[in-house]
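Chains as they are written, first to last, in the working numbering: chain R, 1098 to 1401; chain E, 1098 to 1401; chain B, 38 to 293; chain X, 38 to 293. Where is the CB? At the ideal position from N, CA and C, for every residue including glycine. Since the structure is predicted, the reported quantities are computational estimates derived from the model, not experimental observations. Here the structure is laid out as structure tokens; the discussion comes afterwards.
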Ligand SMILES: Cc1cc2nc3c(=O)[nH]c(=O)nc-3n(C[C@H](O)[C@H](O)[C@H](O)COP(=O)(O)OP(=O)(O)OC[C@H]3O[C@@H](n4cnc5c(N)ncnc54)[C@H](O)[C@@H]3O)c2cc1C
Ligand SMILES: Cc1cc2nc3c(=O)[nH]c(=O)nc-3n(C[C@H](O)[C@H](O)[C@H](O)COP(=O)(O)OP(=O)(O)OC[C@H]3O[C@@H](n4cnc5c(N)ncnc54)[C@H](O)[C@@H]3O)c2cc1C
Ligand SMILES: Cc1cc2nc3c(=O)[nH]c(=O)nc-3n(C[C@H](O)[C@H](O)[C@H](O)COP(=O)(O)O)c2cc1C
Ligand SMILES: Cc1cc2nc3c(=O)[nH]c(=O)nc-3n(C[C@H](O)[C@H](O)[C@H](O)COP(=O)(O)O)c2cc1C
Ligand code: FES
Ligand code: FES
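What follows is the structure, given as structure tokens:
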């Protein structure tokens, strides 16, 4: 076990670095840039029961230190994924995290059932509970602790694959939603998905994104993500995967100190596809220079 | 009336530009840089019933496109303010917005009563409902619609000074809190106060801020603020004052199109104290070039 | 297969073609040696968050230099236009699929605006191979004309130089002997490409177009740069990636 | 009163004083002409969000140039150390209150680290006025010694040059004839200023210190740069602004 290896519950990762869902597709294009086996894991593009074309028009808006996206879960559907992409991910040598999105409780349940049949190829299911349109009322599942607990426990009953619940930061109390995931039987929570944002083209007086609003990511969201990881690490018993704005090895260290057992990197890899290679090297050097192993950093924050 | 003049309800401002609370003190230091009478208004440092020393230690942390602050409402108290600062603000020629903070319902009520006695010198009260510690339960007033409605209506009964309710973005549903303010009798809402964030010094493994967490402001928060203004402008009847990350005239225009009748500029003025002079000039030119008057921009967003 | 890289490359030359368009040379032997016409590079642009995509306009294999033309339209291109030679920038490339030029007797290159840059690269490549190439470019007016050659057919909207009208007026002057052996490559604004696509459709000429879309990664991983193309499926279309599945598409595939 | 400005000023000279400290000259007649020792400037530093505060180290009124010394400790100072002459930067200044040097027969300037920069400015100013000045500077070791003059009392922690020990050891060698007519100005790390403050307290010498605190505006408007000073009120202290109420304080006022 190297200095970078970490555990997220029962899942052992050779490095804390996981590629964030939606920012690496299924890894194939990035394999043209580097050997994916250096990674701790790869989280697949968010999958749905049926293929989805995603949103039309402009899907990305640039911000000062980040971006808005409104890809809208374009994906080939879970069946196509299992047939065409899962083996590639498995063979990459990185842990296979399958990101699951749904529009209703049934969607999530059907997906988990399907994926459970291929559990030998999957290291964890990452359940994306920030989908804006679900059958149950107008409240999204991801901001309602009771709904989170319910759906997590339903999925828990169906599989013993590790269940990582990915939470939205657009809530008043992230501790409440994270605790609900834990109570429902989650193995870990992933913090954070994107903040909801908007940009307007002042010439056309229209939102830049054809979807009007989009998910905000990149370095700009990091202070919010760090705060949420640190808050949750005070109340949770299950591990946290930190995510949001990571762009260098110091950011990885910052998230781990705040309470993360592993991290996901998204937007920064869109700009520098081979960034995880550099961060991995830098983390090794950091461990050597400081004579430590990385997993000992988790939750070492000393509050004032 | 020039091309820049706007109305926020009954309050006429010669320009939409208001200095945001806490980023201009009471205007005195900025008067060394420019003639404050060019401004639409000045929002005072957040005032409390008793003087407050604020938080100890490090109060600011730099971020990629913004900052965290944990000043902690350092202020001389409302009585001292009335005696020593209010006349200066009144004489500045900009509209006088008094920012009111409290720890309990009684605090707010006492403050409004005191300030109401000087209503000839005050153009609006800006009620800061994002104070982290209030008597009523652990939920902060600012994230609980029922509490917002209640306190707003209590203040409404005490004064006919315009009541602007300044809301926190750290909520699941900003429309709900904004509507609550409207229902309580607010004349306008101010969107947004700071997002809650944290930064960690990885060498010391301590939060950079001695208060552990702080309020995130600056260009990084703009996409969130624009989204909230646009969301609320769809449901509110009262005007919105936009705030969060404004750094140039285009940002002012963006907020107004999204739904703001006026705007507040905070963090950007910390870096460039005389920025409002430039933005004012640029806005004049923008109005000339586009042959429009600024207030016609409000709420002109064309959704897709 | 060699792994792709993110390059850190040097700006070696810069000249202005007109008041708002400049032509930049970057030293990067890998890109200069392997790029084909229609491909693009993604280049870091000063203080803005994303890289910016630009079609490759020419390559100098001997000196390992490639060229791009940049028209100033916003913050990023404005900063790029102020770059001084010697500056190092981050660059991904060559990206995307170029024009498949094989199997045709005649290639007609047409377009306008910043489309003249990839056309220039295609022209240089085809003439070096001794192919029969016809170029027809359209501009708003004489002051906009850049990278023009005497042999090119030139059109302007206002008619102050060349043929008055759009590129269609120019294309109409071409005598096409064998449509099946003729390829048209068109790079320009959407309305122009749409018109050329319709024109080639009537004539039964194969037409390749180069699409533009806002990009985040340029590398095919984020699905931000959607182009709608026809599909057998229930929707009748599917969203593909401009950066990886394009930017060059058969014009009959595109849902305009 | 003239309005204060945010200046856009040119870097005109840069030299390295040792491996991690450089000395920069900026052209700005307003600042060069009006600054007094102890004041600072706030300078934009490349890509970081805030400006960075630096004590003014010297002024050349004739040429309208002021100097600062910058020790590389993080991202901003690292970018500043890579600035090349000709670069334009945003600058606010002169900021804060300087040392009130009037009414003393002898001024002792003492300090270490980056404190040597304001000390240098005070030394130049006082000697130009023909005042009696004694300088006593402390460093970790010989390799850290910068801006030293033969007339200065020098101490090093390890004793590899000058007196072995802290600046206190150096101050102890000074013969102070009239404490009431002597002023000590100390700029250095907090423990050093605290020790000097204690030393002057015993001797009955007035001592001014220059405090550092993280700043946002540098202009007194945000209340981010707290320094705790003694107060009559119920708390026994109050928070004042380093940037506007300081950075120079009477050492007896500071709550250490
Ligand atoms: C495959 C491809 C090849 C291109 N080739 C050239 C070329 O050879 N020469 C040239 O001058 N321009 C070319 N462009 C367009 C060029 O990329 C844009 O003009 C540039 O990105 C604008 O950046 P900005 O910051 O100045 O504009 P802003 O409007 O400030 O940019 C805001 C955002 O929108 C994006 N954007 C704006 N306009 C376009 C556009 N037309 N296409 C894609 N994204 C856009 C930017 O990349 C940025 O993310 C090409 C675009 C693509 C997709
Ligand atoms: C009044 C005053 C005068 C100063 N004079 C000098 C001088 O003459 N020469 C010199 O080399 N340095 C001086 N400093 C310290 C200098 O401002 C810091 O070293 C510098 O801000 C560090 O920036 P950084 O980005 O390299 O460090 P980082 O640690 O990356 O900066 C992070 C943040 O912390 C702040 N910060 C870090 N260290 C300090 C510090 N010691 N004081 C205040 N803020 C800090 C930065 O400004 C920034 O906001 C002075 C500071 C003050 C307050
Ligand atoms: C283009 C894009 C697409 C994304 N798609 C998904 C997705 O399908 N499922 C998901 O759970 N998160 C998705 N995300 C969110 C990221 O996985 C990540 O949580 C977020 O971007 C914050 O991390 P970052 O700042 O490192 O990008 C997407 C983000 C981006 C930028
Ligand atoms: C240093 C600082 C102090 C602040 N103090 C207050 C305050 O006392 N009362 C208040 O309502 N808002 C306060 N704010 C919030 C601002 O008024 C504003 O809502 C926020 O910073 C977002 O705007 P900006 O991005 O333009 O700064 C403060 C912000 C900063 C940066
Ligand atoms: S820009 Fe990311 S897939 Fe094309
Ligand atoms: S830094 Fe803003 S008051 Fe001192």
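Beta carbon proximity, residue i to chain X, threshold 9 Å
i, result
"residue 1183 of chain E", "no"
"residue 1160 of chain E", "yes"
"residue 1166 of chain E", "yes"
"residue 1399 of chain E", "no"
Any chain B beta carbon closer than 9 Å to residue i
i, result
"residue 1404 of chain R", "This structure cannot speak to residue 1404 of chain R, because chain R is shown only from 1098 to 1401."
"residue 1367 of chain R", "yes"
"residue 1371 of chain R", "yes"
"residue 1321 of chain R", "no"
"residue 1121 of chain R", "yes"
"residue 1155 of chain R", "yes"
"residue 1234 of chain R", "Bear in mind that a pLDDT of 40 at residue 1234 of chain R, under 50, signals an unreliable position, so the number given afterwards is only what the model happens to contain. No, its Cβ sits nowhere closer than 9 Å to a Cβ of chain B."
Residue from the options whose Cα sits closest to the Cα of residue i
i, options, result
"residue 44 of chain X", "E:1369, E:1400, E:1401, E:1374", "E:1369"
"residue 254 of chain B", "R:1395, R:1100, R:1367", "R:1367"
"residue 204 of chain X", "X:63, X:148, X:272, X:179", "X:148"
"residue 181 of chain B", "B:166, B:152, B:171", "B:152"
"residue 1162 of chain R", "E:1185, E:1305, E:1317", "E:1317"
"residue 62 of chain B", "B:119, B:106, B:257, B:265", "B:106"
"residue 1311 of chain E", "E:1152, E:1390, E:1377", "E:1152"
"residue 46 of chain B", "B:66, B:291, B:83", "B:66"
Range covered by the alpha helix (DSSP H) that runs through residue i
i, result
"residue 237 of chain X", "227-240"
"residue 1388 of chain E", "Premise fails: residue 1388 of chain E is in no alpha helix (DSSP H) and is neither H nor E."
"residue 1307 of chain E", "It is not in any alpha helix (DSSP H) - residue 1307 of chain E carries neither H nor E in the DSSP assignment."
"residue 1175 of chain E", "1175-1181"
"residue 1319 of chain R", "1319-1330"
Spatial distance of residue i from residue j (CA atoms)
i, j, result
"residue 252 of chain X", "residue 1280 of chain R", "43 Å"
"residue 1337 of chain R", "residue 1261 of chain R", "9 Å"
"residue 1351 of chain R", "residue 1297 of chain E", "6 Å"
"residue 1135 of chain E", "residue 1388 of chain E", "21 Å"
"residue 1361 of chain R", "residue 1238 of chain E", "34 Å"
"residue 184 of chain B", "residue 1398 of chain E", "40 Å"
"residue 1197 of chain E", "residue 1342 of chain E", "22 Å"
"residue 1232 of chain E", "residue 104 of chain X", "Confidence at residue 1232 of chain E is low in this model, with a pLDDT of 44, below 50, so its placement is unreliable and the value that follows should be read with caution. Between residue 1232 of chain E and residue 104 of chain X, the C-alpha separation is close to 53 Å."
"residue 56 of chain X", "residue 150 of chain X", "14 Å"
"residue 1165 of chain E", "residue 100 of chain X", "40 Å"
is_contact[residue i, chain R] using C-beta, thresh 9 Å
i, result
"residue 1290 of chain E", "no"
"residue 1297 of chain E", "yes"
"residue 1240 of chain E", "yes"
"residue 258 of chain B", "yes"
Endpoints, the beta strand (DSSP E) within which residue i is located
i, result
"residue 1163 of chain E", "1163-1166"
"residue 169 of chain X", "169-176"
"residue 106 of chain X", "102-108"
Any C-beta of chain E under 9 Å from that of residue i
i, result
"residue 1171 of chain R", "no"
*Does the stretch 1176-1196 of chain R come close enough to the stretch 1139-1153 of chain R to have 3 or more Cβ pairs within less than 8 Å?*
yes
_Any 3 or more C-beta pairs closer than 8 Å across the stretch 1251-1269 of chain E and the stretch 1285-1299 of chain E_ = yes
*asked:* With three or more C-beta pairs closer than 8 Å as the rule, is the stretch 137-148 of chain X touching the stretch 215-232 of chain X?
replied: yes
*Count the CB pairs spanning the stretch 1243-1258 of chain R and the stretch 1166-1181 of chain R that are closer than 8 Å, and state whether there are at least three.*
no
*Would you be able to state if there are at least three C-beta pairs under 8 Å between the stretch 76-83 of chain B and the stretch 120-131 of chain B?*
yes
_Touch test, the stretch 263-275 of chain B against the stretch 234-244 of chain B, Cβ-Cβ under 8 Å, three pairs minimum_ = no
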